[in-house]
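In this note's numbering, the protein residues as written are 48 to 391. Where a beta carbon is used, it is the ideal one built from N, C-alpha and C, also for glycine.
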Ligand SMILES: Nc1ncnc2c1ncn2[C@@H]1O[C@H](COP(=O)(O)OP(=O)(O)OP(=O)(O)O)[C@@H](O)[C@H]1O
Ligand SMILES: [Mg+2]
């Protein structure tokens, strides 16, 4: 079976500077494959190249080199494009239309009849949680989170097989995030492929089969989150309440560190090779209450910071100057371009 998405050495240089234009490598030979039916997390810090990759896949911009396929067809193939949905980063719509008008208009562009367009619009607005009472309101009166939901509905209008979502959770409150996560899992259960970008590890943990981490335009890691070394648990943090000190003293040999949070409430750090369930049962048998149990591992932020530092070292060790730039002036350009955008 063909991959749902295949990205092959995709590279994008932007031309930056005003008087003396020079290339700035926003994406550096990125290669990836996403299988049909996967929810794939495309993770990276600000400026990593996530939006650039999505725009290249949508042909909103064109690559300096490299290529990609969606559903086994080259980018731009009309048949494949009809089976794709896309939520841009920070979607903005003509905001004097109501959510209903906007979606119906788009649905008509996709070739749905008037009745079908109305039906699809209603179903999708239900699906993204915009209630009947808000649908007739102009989008300019919508909150950011609601516009984001309309954007998601728009991405699903043509009943796509492959859905690209650029930061789908951005601007949403915790309830909104939960709704969108649930929606993404529903889409997966319907057999669709979802490719979404995020800089939040928890989103990926809650959703993904696999992830790719990009940093500085390059692939920094790829695979199952649990298999990416940096994210493997290094231990456990067990928070318990109602613990008597003598119970804690008895368990001390099995605990790496214990920190008192409040009276009789402790955060216990357990080594990875320990059996947290067994320690927890002993504590509970002695009257303690479980507050939380979490694996201790690198956060995405730790990983980014380390990876960015490693990549800088690689560049210094003769990667042909700064890997994100080519040509002279690369190093000062890495700090700031002529338009004043801070780099890294
Ligand atoms: N039109 C452009 N001209 C010049 N540089 C650009 C342009 N668009 C993006 N860049 C630069 O390319 C790099 C990658 O940007 P991109 O928007 O792809 O990052 P991102 O991973 O989506 O970041 P964020 O999490 O902030 O959305 C950044 O350094 C950005 O400043
Ligand atoms: Mg972006």
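Between residue i and residue j, what straight-line distance do the alpha-carbon atoms span, to the nearest angstrom?
i: residue 241; j: residue 258; result: 11 Å
i: residue 324; j: residue 278; result: 21 Å
i: residue 87; j: residue 142; result: 31 Å
i: residue 182; j: residue 160; result: 20 Å
i: residue 223; j: residue 149; result: 21 Å
i: residue 309; j: residue 362; result: 47 Å
i: residue 49; j: residue 85; result: 13 Å
i: residue 97; j: residue 318; result: 36 Å
i: residue 63; j: residue 113; result: 21 Å
i: residue 209; j: residue 176; result: 22 Å
i: residue 267; j: residue 280; result: 19 Å
i: residue 274; j: residue 52; result: 22 Å
i: residue 253; j: residue 221; result: 13 Å
i: residue 54; j: residue 78; result: 5 Å
i: residue 169; j: residue 347; result: 38 Å
i: residue 95; j: residue 152; result: 34 Å
i: residue 338; j: residue 288; result: 7 Å
i: residue 368; j: residue 92; result: Only weak support exists for where residue 368 lies, its pLDDT of 40 falling under 50; the coordinates are left without a value.
i: residue 330; j: residue 293; result: 11 Å
i: residue 111; j: residue 117; result: 19 Å
i: residue 173; j: residue 353; result: 43 Å
i: residue 299; j: residue 349; result: 29 Å
i: residue 162; j: residue 204; result: 14 Å
i: residue 61; j: residue 326; result: 55 Å
i: residue 333; j: residue 212; result: 48 Å
i: residue 19; j: residue 225; result: Lying outside 48 to 391, the shown extent of the chain, residue 19 is not represented and no answer is given.
i: residue 119; j: residue 238; result: 17 Å
i: residue 171; j: residue 207; result: 13 Å
i: residue 364; j: residue 270; result: 27 Å
Buried or exposed, going by whether 16 or more other CB atoms sit within 10 Å of the CB of residue i?
i: residue 397; result: Any question about residue 397 goes unanswered here, given that the chain covers just 48 to 391.
i: residue 189; result: buried
i: residue 157; result: exposed
i: residue 245; result: buried
i: residue 380; result: Note that residue 380 scores a pLDDT of 35, beneath 50, so its modelled location is shaky; the value from the coordinates is reported in the next line. With 16 or more Cβ atoms within 10 Å of its Cβ, residue 380 is classed as buried.
i: residue 109; result: exposed
i: residue 276; result: exposed
i: residue 155; result: exposed
i: residue 164; result: buried
Residue i and residue j look like a contact to me (Cβ under 8 Å); what is the Cβ gap, rounded to whole Å?
i: residue 74; j: residue 57; result: 6 Å
i: residue 89; j: residue 243; result: 7 Å
i: residue 123; j: residue 106; result: 6 Å
i: residue 301; j: residue 328; result: That pair is no contact at about 12 Å.
i: residue 409; j: residue 104; result: Limits of the chain in this structure are 48 at one end and 391 at the other, which puts residue 409 out of reach.
i: residue 138; j: residue 194; result: 6 Å
i: residue 144; j: residue 185; result: 7 Å
Does any CB atom of chain B fall closer than 7 Å to the CB of residue i?
i: residue 133; result: Although the question refers to chain B, the structure presented lacks it and comprises just one protein chain.
Any chance the segment 280 to 295 sits against the segment 333 to 345, with 3 or more Cβ pairs inside 8 Å?
-> yes
Below 8 Å, can you find three or more Cβ-Cβ pairs linking the segment 212 to 230 to the segment 313 to 325?
-> Segments in contact, no.
Three or more C-beta pairs closer than 8 Å, one from the segment 222 to 236 and one from the segment 59 to 73: is that the case here?
-> no
Contact shell at 7 Å, judged by CB to any heavy atom of ligand 2, ordered along the chain = Taken from the N-terminal end onward, the list reads 97, 98, 136, 213, 214, 244.
With a cut-off of 8 Å, do at least 3 Cβ pairs link the segment 348 to 361 to the segment 260 to 267?
-> yes
Taking three-plus beta-carbon pairs below 8 Å as touching, is the segment 130 to 138 in contact with the segment 196 to 206?
-> With three or more CB-CB distances shorter than 8 Å, the segment 130 to 138 counts as touching the segment 196 to 206.
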